[in-house]
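These notes concern the structure reproduced below.
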Amino acid sequence: MPKIQIRIDEKTKNSAKKVLDKLGLDMTSAITVYLKQIVTHNGIPFPLITENGLTPAQEKAILKASAEAEQGKNITEQMSAKEAVDYLKSL
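Residue numbers (the numbering used here): 172 to 262.
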C-alpha cells in the first residue's frame, strides 16, 4: 500500500490527535476516511470557510464591496452587520 507523508504544524497535529482520540480513530484512519470522502463527493466533503466563518467567495465579495464603497460605487441602503453577513451567506 502506498505511503503519504504530510507536513503540518505541531499544534494542529496535537489538537487533531486529541479530537481523534476521543472519536477512537488514529491519524491514519482519519486521513483514509477523509480521502475516501473526497472520492465519494468528487470534491472536498465539507464547506471551505475562512477564519471569519465565510466562504472564500463571500470574503472576496466583501473585499470587493468594501473597495467599491470607498470609491463611492454601488452604495445602497444601510444594513446592520448581521444583515450583511446573512446576505453574504445566502450567496
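Think of the CB as a built atom: it goes at the ideal place given N, C-alpha and C, for glycine as much as any other residue.
Through-space distance from residue j to residue i, alpha-carbon basis
i	j	result
residue 199	residue 241	49 Å
residue 258	residue 206	33 Å
residue 232	residue 238	10 Å
residue 250	residue 180	40 Å
residue 184	residue 178	9 Å
residue 172	residue 209	19 Å
residue 195	residue 228	35 Å
residue 243	residue 221	27 Å
CB contact flag (residue i, residue j, <9 Å)
i	j	result
residue 219	residue 211	no
residue 245	residue 236	yes
residue 215	residue 175	no
Residues near residue i in its chain [Cβ-Cβ closer than 8 Å; skip 5 each side]
i	result
residue 252	none
residue 188	198
Selection from the options that minimises the alpha carbon distance to residue i
i	options	result
residue 262	230, 250, 186	230
residue 224	260, 213, 204	260
Cβ neighbours of residue i in the same chain (closer than 6 Å, five flanking residues each side left out)
i	result
residue 247	none
residue 191	201
Residue-level contact to chain D via CB, residue i, 9 Å cutoff
i	result
residue 236	Protein chain content of the structure displayed is limited to a single chain, and chain D is not contained in it.
Beta-carbon proximity list for residue i, same chain, < 7 Å, skipping 5 on both sides
i	result
residue 193	none
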